[in-house]
Structures are given as C-alpha cells and as structure tokens.
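Residues 30 to 673, numbered by our numbering, are exactly what the first sequence covers, in order. Every residue, glycine too, gets a C-beta built ideally from N, C-alpha and C.
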Amino acid sequence: TLFRSKLCERIAYTKFVVRVDSPEKICVMKDQPGAPPLTVLALSFKMVLHPKTNQHEIAVVAGVLMPEVSSSTPVESGMIMHAASAPNFVAVRPVNHKPVPIGIQEQARTKTGGLELVPNEQALLNFVLAKVMKLDPDVILGHDLTGFGLDVFLNRLASCKTRDWSRIGRLIQRKDLNAMVKSKLGNHVPDALAGRLVLDTLVSAKELCPREKDYSIPALAESLLNRKLHPRTDALATPIAFEYEQTLNALLRECVQDAEISLQLSNTLSVLPLSRQLTSLSGNVWSKTLRGARAERIEFLLCHELALIKPKLLLPDKLSKYDRKALEAASNPGSAIVQTEEKAGRRKPQYAGGLVLEPKKGLYDRYVLQLDFNSLYPSIIQEYNICFTTMDVDAMKNKAEDEIELPEAGLAEGVLPRVLRRLVEQRRAVKAVMKKEQDAAKVKQLDIRQLAIKLTANSLYGCLGFENSRFFARPLAQLITLQGRETLQRTIDLARDSFNAEVIYGDTDSLFVYTGLEDMMKVRALGTELKREVNKRYKTLEIEIDAVYARMLLLKKKKYAAMKVASLNEPQNLVREVKGLDLVRHDWCGLSRMVSSFAVDQLLSKDLSADDAIGNVLTNLDFIANQVMTNQIALQQYIITRSL
DNA sequence: GGCTGGAGCGC
DNA sequence: CGTCGCCGAGGCGCTCCAGCC
Numbered sequence: 030t031l032f033r034s035k036l037c038e039r040i041a042y043t044k045f046v047v048r049v050d051s052p053e054k055i056c057v058m059k060d061q062p063g064a065p066p067l068t069v070l071a072l073s074f075k076m077v078l079h080p081k082t083n084q085h086e087i088a089v090v091a092g093v094l095m096p097e098v099s100s101s102t103p104v105e106s107g108m109i110m111h112a113a114s115a116p117n118f119v120a121v122r123p124v125n126h127k128p129v130p131i132g133i134q135e136q137a138r139t140k141t142g143g144l145e146l147v148p149n150e151q152a153l154l155n156f157v158l159a160k161v162m163k164l165d166p167d168v169i170l171g172h173d174l175t176g177f178g179l180d181v182f183l184n185r186l187a188s189c190k191t192r193d194w195s196r197i198g199r200l201i202q203r204k205d206l207n208a209m210v211k212s213k214l215g216n217h218v219p220d221a222l223a224g225r226l227v228l229d230t231l232v233s234a235k236e237l238c239p240r241e242k243d244y245s246i247p248a249l250a251e252s253l254l255n256r257k258l259h260p261r262t263d264a265l266a267t268p269i270a271f272e273y274e275q276t277l278n279a280l281l282r283e284c285v286q287d288a289e290i291s292l293q294l295s296n297t298l299s300v301l302p303l304s305r306q307l308t309s310l311s312g313n314v315w316s317k318t319l320r321g322a323r324a325e326r327i328e329f330l331l332c333h334e335l336a337l338i339k340p341k342l343l344l345p346d347k348l349s350k351y352d353r354k355a356l357e358a359a360s361n362p363g364s365a366i367v368q369t370e371e372k373a374g375r376r377k378p379q380y381a382g383g384l385v386l387e388p389k390k391g392l393y394d395r396y397v398l399q400l401d402f403n404s405l406y407p408s409i410i411q412e413y414n415i416c417f418t419t420m421d422v423d424a425m426k427n428k429a430e431d432e433i434e435l436p437e438a439g440l441a442e443g444v445l446p447r448v449l450r451r452l453v454e455q456r457r458a459v460k461a462v463m464k465k466e467q468d469a470a471k472v473k474q475l476d477i478r479q480l481a482i483k484l485t486a487n488s489l490y491g492c493l494g495f496e497n498s499r500f501f502a503r504p505l506a507q508l509i510t511l512q513g514r515e516t517l518q519r520t521i522d523l524a525r526d527s528f529n530a531e532v533i534y535g536d537t538d539s540l541f542v543y544t545g546l547e548d549m550m551k552v553r554a555l556g557t558e559l560k561r562e563v564n565k566r567y568k569t570l571e572i573e574i575d576a577v578y579a580r581m582l583l584l585k586k587k588k589y590a591a592m593k594v595a596s597l598n599e600p601q602n603l604v605r606e607v608k609g610l611d612l613v614r615h616d617w618c619g620l621s622r623m624v625s626s627f628a629v630d631q632l633l634s635k636d637l638s639a640d641d642a643i644g645n646v647l648t649n650l651d652f653i654a655n656q657v658m659t660n661q662i663a664l665q666q667y668i669i670t671r672s673l
C-alpha cells in the first residue's frame with residue numbers, strides 16, 4: 030500500500046510511505062530498471078572546546094552537494110571538480126560571544142562563497158537540519174563522521190534541545206535524543222540517520238587501503254588523490270582563530286576543502302559502487318557494509334548460503350557474551366564463575382597462528398627469490414574441505430590441536446569451501462577484465478574491487494576465530510592455521526631437499542630463497558621449477574613467484590629491507606621495499622626515519638661495497654649529530670606520534 | 001634479569 | 001506513545017619499550 034505521507038500517520042519525512050503486511054510479500058523485481066541515482070551530501074565540521082564544560086561545540090559547518098550519483102558506476106573526476114568549485118554552503122557562528130570579523134560579516138551579507146552567518150550554535154544546528162531536509166540526501170558523507178563529526182553533532186542537538194532533531198534522518202523519531210546519546214551503548218549515529226547512508230571515508234579508507242598508515246585527510250589526499258595540501262589545523266579549532274578575518278577565512282576554506290576531499294576520496298575509492306556490490310554479495314544491509322562490520326557481512330553471506338542447502342540446517346544461535354557465560358555456567362554448575370576482565374584492546378591469543386621462520390640475518394647481494402601462497406587460508410579451506418558441514422565441530426571443541434583431524438576425503442563440498450570458491454571465481458573474473466581494460470582509472474577501481482573480494486575471502490577465516498561471530502568455530506580456525514604451518518614447512522623442506530635451495534626466511538605464507546645467482550634467467554627458471562613442483566601436489570593451493578630482490582638486508586623476524594626487481598624483463602629497474610623497520614613506523618620521529626632511510630639506501634646500493642656503505646652511514650651520522658647539536662634541525666623533525 | 005602489558009607493525 | 005532489544009569489535013606472531021619485582 031502506498032500512502033501519501035501526509036494522509037497517514039507521520040512516520041517519515043519522505044514524500045511517500047510504503048507499508049507491507051508481511052515480508053513474504055516482498056520479492057525481487059524481474060527486469061530491474063537499474064538503481065536510481067543518489068544525492069550525496071558531504072559534510073565537514075570545525076569544533077571548539079567550551080572553556081567551562083570542556084565539551085566540543087560546533088562552530089563551522091560546510092556542505093558540498095553532489096546530485097545524481099550512480100551507485101553502480103564509478104564517478105568521473107570532472108563531476109567532482111564541478112561540485113567542489115561551488116560549495117553548497119558553509120556556515121559560521123560567533124565563538125565566545127565575540128562578533129566575527131567585519132570582513133566575514135561582509136562576505137555573509139553579499140553571499141560570497143555561499144557563506145552563511147548565524148547568531149549562535151543552536152541556529153547553526155537548525156541551519157544544517159533545514160539544509161538536510163531541503164536537499165534530502167540519500168548519502169551523508171564525511172571524514173571521521175561516525176567517530177567525531179556526526180557524533181558531536183548529535184550530542185549538540187541533544188544538549189541544545191533542538192526541536193525535531195530527527196530531521197537529520199528520514200524517519201520521524203520522538204525518542205529523547207539526550208537519553209540516546211548518553212547511554213553508553215555504542216554508536217547512535219546510524220540509528221539517528223535512519224533512511225540515509227552514512228559514508229565515513231575514514232572507515233572506508235581503512236577497509237579498502239589496509240596498507241596505508243596515516244588516514245588523516247592530508248595524508249590520504251596525497252597518497253590517493255596526489256594532492257599536496259597546505260599545512261592545516263585540526264578539526265578542533267582554537268577560539269582565537271575566529272577573531273581575525275585571515276585566520277577565520279583559512280578555517281572556512283579548510284572546512285569546505287575537507288568536505289570536498291572526503292567526497293573525492295569516496296569517489297576515487299568507488300566506495301558507493303563497491304559497498305553496493307559487497308552488499309549484494311553478502312546479502313546484508315548496505316548501511317552496515319558502510320560501517321565496516323565485516324563479521325556481520327560474513328554472517329549474512331553464510332546464512333544465505335545455508336538457506337540454500339538441503340536438507341535444511343538450523344542456524345547456530347548468535348550468542349552474546351552474556352549468553353555464552355550463562356551457557357558455560359549451566360554446563361559446569363559446580364565450577365566457580367571465572368571473572369575474565371574484558372579489555373577493549375587485544376586479548377591473549379586463543380590458538381596458534383602462522384609459522385614465522387627464524388631469519389638467516391645478513392646482507393644478501395645476489396638475487397633473492399620470494400614465493401607466496403595465493404590466499405593461503407581460503408585455499409586451505411577449499412583444499413581440505415574444512416567446514417562445519419564436513420566436521421563435527423562440537424566434538425572437537427575442547428580437543429588439543431593435534432587431535433583435530435581433517436575431514437575424510439570424498440565428502441561433498443562444504444559450505445565454506447563453496448562460498449570461497451565462488452569468491453575466488455569472481456575475483457578471477459574481475460582480474461581478467463582488468464587485463465583487457467585500457468583506462469587507467471577503471472583499472473584502479475577494478476583493482477580495489479578485487480582487493481575487496483580478497484579481503485572478504487580472508488576475513489571468513491578471521492570470523493571462524495572470532496568469539497562474537499555467529500559462526501565462531503575455533504577448531505576450524507585452529508585446523509586452518511595448522512595446515513598453513515604444515516604447508517609452509519613442507520614447501521621449505523621441498524626447496525631444501527629437492528632443489529638444494531637456501532631458504533633464508535619465511536612468514537605464514539611466504540618463503541625467501543637465496544639463489545646466489547646473478548643471472549635473472551636462471552633465477553626465473555629456478556622459481557618456475559619450484560613453483561611447478563609445489564603446485565602439482567595440490568588441487569587448490571597455489572604458490573607463485575611474488576618478487577625477486579637484487580639486494581636484501583634481513584635483520585629480524587618481520588623486519589627487512591630489499592631492492593625489488595620491478596619487472597622481471599628489466600632487472601635494472603629496482604624499487605626499495607621496507608618492512609617493519611623503524612623507518613616505516615610512526616612512533617619514531619622524522620629525523621630518525623630520515624637517518625635510517627639513508628642507511629638502508631647505502632646498504633642496498635648496488636654500486637657500493639658493504640664497507641663503503643658503512644663508511645657513508647657513519648659519516649652521515651656524524652654530520653646529522655653536528656646538525657642536532659648546533660640546532661639546525663627543524664622542530665618538526667623531532668615529533669613522534671604514538672597513541673596512548 | 002625475567003615477567004607483563006601496550007603499541008604498532010607483518011602476514 | 002514509550003519500552004524492549006541491550007548488540008555494535010575478523011585472527012595470531014613478533015619486536016620494542018616501559019614498568020614492576
């Protein structure tokens with residue numbers, strides 16, 4: 030039944046409300062007309078601290094609107110530039126009861142740059158609510174919205190007792206917002222914004238670019254958008270910046286730029302098309318995919334898969350911590366209840382993980398060959414048909430690792446192997462399209478998509494070992510990592526025994542072989558031969574030549590640096606790769622990283638003997654020490670970043 | 001000197 | 001109209017550091 034919203038009881042701010050008697054009456058349309066375009070509103074805030082309450086208050090809001098965004102195809106970059114050149118609005122209010130500078134007042138009067146001047150925070154909040162109502166965006170987008178911006182916004186809406194606060198979403202909500210934001214239970218942003226998608230580019234970037242280390246706007250703008258930004262202030266501004274036209278103008282520009290950059294990041298990463306595909310893949314709710322809840326995606330993926338198999342199976346209950354404790358207590362009535370301190374951080378490991386070889390430390394100056402298993406854990410699940418449908422997980426619950434046995438050969442393919450096989454097939458298809466694609470931008474987007482499929486496949490294993498997951502099955506996780514360790518060990522033994530190869534290091538799914546060779550053709554031949562010998566032992570498991578290094582400095586487990594041959598056809602073209610060393614860690618200052626980087630460059634230099642390299646390093650150390658003593662190093666170079 | 005816990009990496 | 005639900009979080013391995021006994 031389709032109601033005009035005004036005629037029925039007010040449920041939503043939308044034009045129409047559709048009410049369905051039963052979920053069974055909902056079906057998927059045949060001949061889908063294609064998804065309607067989305068309206069996207071990028072928001073950005075600047076906060077100040079209230080001097081007495083020490084609470085965040087909102088002082089500036091900027092919005093950039095992008096209408097007619099497709100959720101199926103990536104956005105062309107031209108459209109973003111167009112949207113960015115005209116911010117939809119930027120609003121500012123006086124801070125600490127001091128009027129904003131005359132120049133800013135003048136800008137607001139003449140509406141230059143869409144600037145709006147409002148008398149106080151309450152008015153600012155209402156201004157935003159009115160804008161959101163009018164523009165009615167399907168997607169509200171911004172950087173760190175869920176962790177900061179919208180969170181503070183909701184808190185301010187509550188504190189200022191704003192009328193009809195739920196206009197920020199599409200559902201009319203009369204709940205007491207104050208009670209909502211003050212209850213300790215998690216994040217209320219998505220609930221408050223019911224009916225709109227919340228796209229937090231910080232959350233998305235973390236999921237889609239796991240190798241990135243700095244997820245701040247300037248860092249992401251540089252690495253993903255190739256844009257170097259001017260040094261900027263924090264989202265938390267100082268009140269004094271509101272007293273001068275120049276500093277306030279800079280603040281306003283920054284706020285608009287943050288919204289614009291966030292919009293560009295979302296487009297570059299194709300967050301909307303990608304999250305929509307991921308959602309279709311797992312059959313969960315889109316807004317949850319955007320929240321980055323991987324465990325829930327896997328849960329839905331498996332629930333749908335289980336609904337298809339016959340005979341039908343009961344799904345495992347989803348147990349909360351409380352449920353699990355109650356069950357535990359019921360099964361051991363005599364035992365005392367062990368109070369486990371649940372800390373927010375990482376717990377102690379519950380089972381053994383990957384095998385890490387003790388490295389043969391040193392500087393290697395001839396070719397090193399690196400071989401990697403492709404998607405080791407997903408492959409193992411498929412190779413050995415590991416699944417709760419092929420094994421009696423309950424019976425193994427309290428067994429030691431070496432008592433857990435592999436499923437018998439010849440059983441029908443389990444649910445987990447089948448899901449993974451499908452994911453692998455899809456990823457292969459994406460990669461095939463990528464190879465044919467000429468457009469570099471589209472290649473990048475396809476690359477992100479295949480990465481996302483890979484991440485989904487990899488997090489399946491993670492969810493088996495995750496206590497709060499519906500499909501938590503520690504014995505399976507244990508068996509998978511055990512097979513991983515054995516697979517790597519067998520490969521090392523084979524390399525040593527059949528090829529007389531010197532394995533100098535290996536971590537979980539990789540091994541590094543010192544070839545002692547200087548002829549690339551021979552290195553490739555060895556690699557190919559090793560690969561063939563390993564792969565013929567398995568159906569699904571597959572090892573590949575991951576890299577060849579011309580020089581390698583191996584220091585410790587998970588700490589090494591090497592010159593990687595960029596392309597096997599051009600062995601002269603080398604790229605530095607550094608893992609785990611101080612110079613890749615943010616908890617060391619810039620100066621330290623610089624010195625460390627110089628040392629690594631010297632040691633890995635093709636044209637230098639080790640002695641000469643060491644000599645240069647020592648000279649450089651003296652030079653830098655002198656600069657430090659004579660105060661010639663910028664203070665910036667001494668800053669370390671570390672969370673507490 | 002051994003132990004523990006936290007941070008931040010690697011996979 | 002308010003209450004109820006009380007969730008919301010992928011894994012382990014390793015090094016380095018601080019702090020404690």
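Whether residue i touches residue j by CB criterion (8 Å)
i	j	result
residue 594	residue 577	yes
residue 157	residue 90	yes
residue 533	residue 388	yes
residue 396	residue 236	no
residue 572	residue 520	yes
residue 266	residue 249	no
residue 300	residue 233	yes
residue 77	residue 64	no
residue 619	residue 661	no
residue 224	residue 186	no
residue 486	residue 453	yes
residue 98	residue 146	no
residue 155	residue 191	yes
residue 436	residue 425	no
residue 411	residue 450	yes
residue 263	residue 173	no
Beta-carbon separation (whole angstroms), residue i vs residue j, contact threshold 8 Å
i	j	result
residue 316	residue 227	7 Å
residue 193	residue 218	At roughly 18 Å, the Cβ-Cβ gap does not stay under 8 Å, so residue 193 and residue 218 are not in contact.
Cα-Cα separation, residue i to residue j
i	j	result
residue 655	residue 649	10 Å
residue 176	residue 294	17 Å
residue 632	residue 643	7 Å
residue 94	residue 269	30 Å
residue 382	residue 566	23 Å
residue 142	residue 375	47 Å
residue 541	residue 399	4 Å
residue 390	residue 512	27 Å
residue 515	residue 184	53 Å
residue 55	residue 286	42 Å
residue 36	residue 46	For residue 36, the pLDDT reaches just 47, beneath the cut-off of 50, and the residue's location in the model is therefore unreliable, although a value from the coordinates is still provided. Their Cα atoms are separated by approximately 10 Å.
residue 490	residue 506	7 Å
residue 630	residue 622	12 Å
residue 164	residue 289	17 Å
residue 366	residue 427	Note on residue 366: pLDDT 45, under 50, position unreliable in the model; the coordinate value appears next. If you take the alpha carbons of residue 366 and residue 427, they lie about 18 Å apart.
residue 582	residue 590	5 Å
residue 346	residue 499	7 Å
residue 42	residue 441	51 Å
residue 368	residue 492	Note that residue 368 scores 45 on pLDDT, short of 50, meaning its location in the model is unreliable and no value can be drawn from it.
residue 82	residue 672	25 Å
Residue i - containing alpha helix (DSSP H), residue span
i	result
residue 420	Here residue 420 belongs to no alpha helix (DSSP H), and DSSP marks it neither H nor E.
residue 325	323 to 337
residue 176	First-last for residue 176: undefined, no H or E at that position.
residue 512	503 to 528
residue 406	405 to 412
residue 665	That residue, residue 665, is in no alpha helix (DSSP H); it is neither H nor E in DSSP.
6 Å CB neighbourhood of residue i in its chain, flanking five on each side removed
i	result
residue 144	119, 136, 137
residue 585	none
Own chain partners of residue i with C-beta closer than 7 Å, once the 5 adjacent residues on each side are dropped
i	result
residue 495	324, 501
residue 166	68, 69, 70, 225
Bounding residues of the beta strand (DSSP E) (the contiguous stretch that carries residue i)
i	result
residue 604	599 to 608
residue 67	67 to 78
Sequence-distant residues of the same chain with beta carbon closer than 8 Å to residue i, five excluded per side
i	result
residue 342	335, 418
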